[in-house]
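Chemist: So the sequence lines, in the order shown, correspond to chains A and U.
Following this note's numbering, the numbering of the first sequence begins with 3 at its first residue and continues without gaps.
Following this note's numbering, the numbering of the second sequence begins with 3 at its first residue and continues without gaps.
For every residue, glycine included, the Cβ atom is placed at its ideal position computed from N, Cα and C.
Predicted model, so just to flag it, every value in this text is computed and none were measured.
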Amino acid sequence: MTVVDKIVPDEEKAGARTPPRPTLRHRLSRWDVKVSPYLYIAPFFVVFGIVGLFPLLYTAYVSLFSWEAGDDDPSFIGLDNFKELFADTQFWNALENTVSIFLLSSVPQLIIAVLLAALLSARIRGATGWRVGVLLPYAASLVALGIIFANLFGPKYGLVNGLLQTIGLDPVDWQAGRFSSHVAIAIMVNWRWTGYNALIVLAAMQAIPKELHEAALIDGAGTARRFFSVTLPLLKPTLIFVTITSTIGGLQIFTEPKLFDAMPGSNNGGSSNQFQTVTLYLYQTAFENYELGYASAIAWVLFVIIVLIALVNFFLTGRLTAVKKK
Amino acid sequence: MTTIHSGLKRGVSALGKPRRVTYVVLTIFVLGSLFPFYWSFLVASRDSGMLTERVPPFLPGGNFFANAARVFDTVPFWKALANSLIVSGTVTLTTVLFSALAGFAFAKLRFRGRNGLFVFIVITLAVPTQLGIIPLFMAMSEFGWAGGLQSVIVPNLVTAFGVFWMRQYTLDAVPYELIEAARVDGCSMIRIFWNVCLPAVRPAAAILAMFTFMTSWNDFLWPLVVLDAGNPTVQLALEKLQSGYYVDYSLVLAGTTLATIPILIVFLLLGRQIVAGIMQGAVKG
Chain A
3 MTVVDKIVPD
13 EEKAGARTPP
23 RPTLRHRLSR
33 WDVKVSPYLY
43 IAPFFVVFGI
53 VGLFPLLYTA
63 YVSLFSWEAG
73 DDDPSFIGLD
83 NFKELFADTQ
93 FWNALENTVS
103 IFLLSSVPQL
113 IIAVLLAALL
123 SARIRGATGW
133 RVGVLLPYAA
143 SLVALGIIFA
153 NLFGPKYGLV
163 NGLLQTIGLD
173 PVDWQAGRFS
183 SHVAIAIMVN
193 WRWTGYNALI
203 VLAAMQAIPK
213 ELHEAALIDG
223 AGTARRFFSV
233 TLPLLKPTLI
243 FVTITSTIGG
253 LQIFTEPKLF
263 DAMPGSNNGG
273 SSNQFQTVTL
283 YLYQTAFENY
293 ELGYASAIAW
303 VLFVIIVLIA
313 LVNFFLTGRL
323 TAVKKK
Chain U
3 MTTIHSGLKR
13 GVSALGKPRR
23 VTYVVLTIFV
33 LGSLFPFYWS
43 FLVASRDSGM
53 LTERVPPFLP
63 GGNFFANAAR
73 VFDTVPFWKA
83 LANSLIVSGT
93 VTLTTVLFSA
103 LAGFAFAKLR
113 FRGRNGLFVF
123 IVITLAVPTQ
133 LGIIPLFMAM
143 SEFGWAGGLQ
153 SVIVPNLVTA
163 FGVFWMRQYT
173 LDAVPYELIE
183 AARVDGCSMI
193 RIFWNVCLPA
203 VRPAAAILAM
213 FTFMTSWNDF
223 LWPLVVLDAG
233 NPTVQLALEK
243 LQSGYYVDYS
253 LVLAGTTLAT
263 IPILIVFLLL
273 GRQIVAGIMQ
283 GAVKG
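1. Please identify, using Cβ separations under 7 Å, the residues of the segment 259-275 of chain U that lie next to chain A, in order along the chain.
2. Per the DSSP calculation, serine 68/A is bridged to which residue(s)?
3. Cutting at 7 Å between CB atoms, please list the residues of its own chain near tyrosine 198/A, excluding the five before and the five after it.
4. By DSSP, does glutamate 293/A sit in helix, in strand, or in coil?
5. Does any residue of chain A have a CB that is nearer than 8 Å to the CB of glycine 246/U?
6. With C-beta atoms as the reference, is leucine 309/A less than 8 Å away from methionine 191/U?
7. Given a cut-off of 8 Å, decide if valine 203/A and leucine 171/A are closer than it, judged by their beta-carbon atoms.
8. Please work out which residues of its chain come closer than 6 Å, Cβ to Cβ, to valine 191/A, disregarding the five sequence neighbours upstream and downstream, and give them in chain order.
9. Determine, for phenylalanine 31/U, whether the minimum Cβ-Cβ distance to residues of chain A falls below 8 Å.
10. What are the start and end residues of the alpha helix (DSSP H) that includes proline 259/A?
11. Which residues in chain A have a C-beta closer than 8 Å to the C-beta of asparagine 220/U? List them in chain order.
12. When you compare only the Cα positions, how much space is there between leucine 219/A and arginine 228/A?
13. Beta carbons nearer than 9 Å to chain A: which residues of the segment 160-178 of chain U have them?
14. In terms of residues, what are the limits of the alpha helix (DSSP H) holding tryptophan 147/U?
15. Once you ignore the five residues that flank tyrosine 292/A on each side, which residues in its own chain have a CB closer than 8 Å to its CB?
16. Any beta carbon of chain U sitting closer than 8 Å to that of leucine 121/A?
17. Run through DSSP, which three-state label would tyrosine 251/U get?
18. How many angstroms separate the CA atom of serine 77/A from the CA atom of serine 42/U?
19. By the three-class DSSP mapping on this structure, what secondary structure does isoleucine 126/A have?
20. Skipping 5 residues on each side, what residues in its chain have a beta carbon closer than 7 Å to that of leucine 253/U?
21. Looking at tryptophan 167/U: is its Cβ nearer than 8 Å to the Cβ of serine 218/U?
22. How about valine 227/U and phenylalanine 145/U: do their beta carbons lie closer than 8 Å?
23. DSSP three-state label for aspartate 172/A, please.
24. So with Cβ pairs under 8 Å, would you call glycine 54/A a contact of chain U?
25. What does a CB cutoff of less than 6 Å around glutamate 290/A pick up in its chain, not counting 5 residues either side in sequence?
26. Which of helix, strand or coil does DSSP assign to serine 108/A?
27. Taking the continuous alpha helix (DSSP H) assigned at tyrosine 198/A, which residues delimit it?
28. Measuring straight from C-alpha to C-alpha, what distance separates asparagine 197/U and serine 298/A?
29. Answer yes or no: do phenylalanine 243/A and histidine 184/A have a C-beta to C-beta separation smaller than 8 Å?
30. Using a C-beta to C-beta distance shorter than 8 Å, which residues of chain U count as neighbours of threonine 25/A?
31. Among residues of its own chain, excluding the 5 on either side of alanine 46/U, which ones have a beta-carbon nearer than 7 Å to its beta-carbon?
32. List the residues of chain A whose Cβ lies closer than 7 Å to the Cβ of tyrosine 251/U, in chain order.
33. Quick one: Cα of aspartate 221/U to Cα of aspartate 187/U, how far?
34. Tell me the rounded alpha-carbon separation between alanine 124/A and glycine 295/A.
35. Starting from lysine 177/A, trace the alpha helix (DSSP H) both ways and give me its first and last residue.
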């Protein structure tokens, strides 16, 4: 590399080589080029290794012990935690609740998000304003959201029940019922995320080449036909992306059910665990009952489930759209 | 990205001209989005008695400041605000810096193992690392960090998403010629990063900063595990407000309103950029 002298060499290196010999400078520069990339990416790998990968692997190790918090000498019990877990009705209940809330939230959410994106992609006046408008719920923190909705869905004086009574329906004890509590929590989740996902879908819609729509228009396709035959198939990668992201998040749902409890501060997920999710059960086991070994088994099983479902999702979404195309 | 921007400008649509019903549906949707915020403020500006009325009043009362003052009396809210600012501010700064550095390396520098390592980072995007909280908590207790703010800061110094995001942006934003020219002029790598790369990726860094700040500000599970009630973040203080045996909703919702106002202001000021960020992320991702 040639050295152009009109540019002053940088200060930090100036001290390292008091007599400016070209060879040393050359060597330093080569070393700089070789090592710098690794230095620049190192922070991520160090942080991920220490607070991501290691804890995840160590969770598997802890799950093999009967390990109480503060235990100096936990006893190795092999797979007993897992045996107990698979016979644990509270765990299966939590898993069912999680999947139920997840389905109730993700399916309607995806459909509404696509429709909303279609509306937003029309030539509306004040486009940015509308987009910010539908994104507003995203500004609410999950805790604030949980508190506000617990109030709206309150059994006695909640606004939702007030409205139901005004139109002549019976009030619902939202927290008490299994299905009703799942619906209420799903509404919370949908309220926060639908607009966000609509914007993602909207971006994908706008990336569809205009020519495709024009060609379909010339062929006599109406608005609906163009939506189902042109727009929707081309949204496939985006829909897969949105589905997988919401799966990973949705199966770990914690804050919403925790804050929704009629008995504030409780980790039970309702008086008979009717809306306790897996992560809430995990939290209760580890940090209320201090059974770290058992809680680790829960964490590890949930981890495997999430990875599996994400994979299944990936293939299933691909398959479905492929069939539709034929 | 150019297609998106020109698309935005022209307002080109898949479905043609909007009909009136489009505006009606969108208006309903936005009102629905706003309503819970308004409700929260409404209850906070009155007293809990309003909740027992069959038809609740729909205009705010005059008690908001009194209720807000009670929030500060009930929980250490100033401390919570300061803690959240320190945590979110630090995390945002380090995430943007480390992500930009790594993004620069992955996008523009040649080194052995580059592609493999990048694929690894993309895969980690799908790994629910939150499930490692038990050993992480054990480690924090071991270090004596539990309860201190560093226990919330250190695990979030940099994210896989941040690195991915900055790398994608750097690919197009920084021309190789510029880097070469700087190299010929004898610039060190870090100098090239600071003087050539960083100015060029500023827009992406700003968006990453916004999202990192919001995510950190809203984080709940891990702070709940590792911090204690005496040294809370804003979210923990809110949860504390709600966890008494008798829930005074005027008080609690005054708390949520106080905690939400700053983020809402950011939204109204930077709404355009936030929307653009989400939409760009979707296309790049």
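Modeler: Quick look at the numbers:
1. If the cut-off is 7 Å between Cβ atoms, the segment 259-275 of chain U has Ala261, Thr262, Ile265, Leu266, Phe269, Gly273, Arg274 near chain A.
2. Within the DSSP secondary-structure output, serine 68/A pairs in a beta bridge with Ser77/A.
3. Closer than 7 Å at the Cβ level, and outside the excluded window around tyrosine 198/A, lie Leu137, Tyr140.
4. Correct three-state label for glutamate 293/A: strand.
5. Yes, glycine 246/U counts as interfacial toward chain A.
6. Leucine is not the amino acid found at residue 309/A; the sequence shown has valine there. Not a contact, by the Cβ cut-off of 8 Å.
7. The Cβ-Cβ distance between leucine 171/A and valine 203/A does not fall below 8 Å.
8. The beta carbon of valine 191/A is closer than 6 Å to those of Ser107 in its chain, skipping five residues each way along the sequence.
9. It does; some Cβ of chain A falls within 8 Å.
10. In the DSSP annotation of this structure, the continuous segment of the alpha helix (DSSP H) that includes proline 259/A starts and ends at 257-262.
11. When 8 Å is used as the limit between beta carbons, asparagine 220/U is near these residues of chain A: Ser143, Leu144, Val145, in chain order.
12. Going from the Cα of leucine 219/A to the Cα of arginine 228/A covers about 8 Å.
13. Answer in chain order: Val160, Thr161, Ala162, Gly164, Val165.
14. Run containing tryptophan 147/U: none; DSSP gives neither H nor E here.
15. The beta carbon of tyrosine 292/A lies closer than 8 Å to those of Glu70, Ala71, Gly72 in the same chain, with the five residues before and after it left out.
16. At least one chain U Cβ lies under 8 Å of leucine 121/A.
17. For tyrosine 251/U, the secondary structure class from DSSP, reduced to helix, strand or coil, is helix.
18. About 50 Å.
19. Correct three-state label for isoleucine 126/A: coil.
20. Only Asn69, Arg72, Val73, Thr76, Leu243 meet the Cβ criterion.
21. Contact flag unset, no.
22. Against a cut-off of 8 Å, the Cβ pair of phenylalanine 145/U and valine 227/U comes out as no contact.
23. The answer is coil: DSSP assigns aspartate 172/A none of H, G, I, E or B.
24. With a threshold of 8 Å between beta carbons, glycine 54/A makes contact with chain U.
25. Excluding its 5 nearest sequence neighbours in each direction, glutamate 290/A has C-beta neighbours in its own chain below 6 Å: Asn269, listed in chain order.
26. It is helical.
27. 180-208 is the extent of the alpha helix (DSSP H) around tyrosine 198/A.
28. Their Cα atoms are separated by approximately 47 Å.
29. No, Cβ-Cβ distance for phenylalanine 243/A and histidine 184/A is not below 8 Å.
30. The CB of threonine 25/A never comes closer than 8 Å to any CB in chain U; the least such distance is about 15 Å.
31. For alanine 46/U, the CB contacts under 7 Å within the same chain, skipping 5 residues up- and downstream, are Phe66, Asn69, Ser252, Leu255, Ala256, Thr259 in chain order.
32. Going along chain A in sequence order, the residues near tyrosine 251/U (Cβ under 7 Å) are Asn153.
33. Between aspartate 221/U and aspartate 187/U, the C-alpha separation is close to 45 Å.
34. So the alpha carbons of these two residues sit roughly 54 Å apart.
35. Note on identity: in this sequence residue 177/A is glutamine, with lysine being the wrong assignment. No residue range can be given for glutamine 177/A, since it is assigned to no alpha helix (DSSP H) and is classified by DSSP as neither H nor E.
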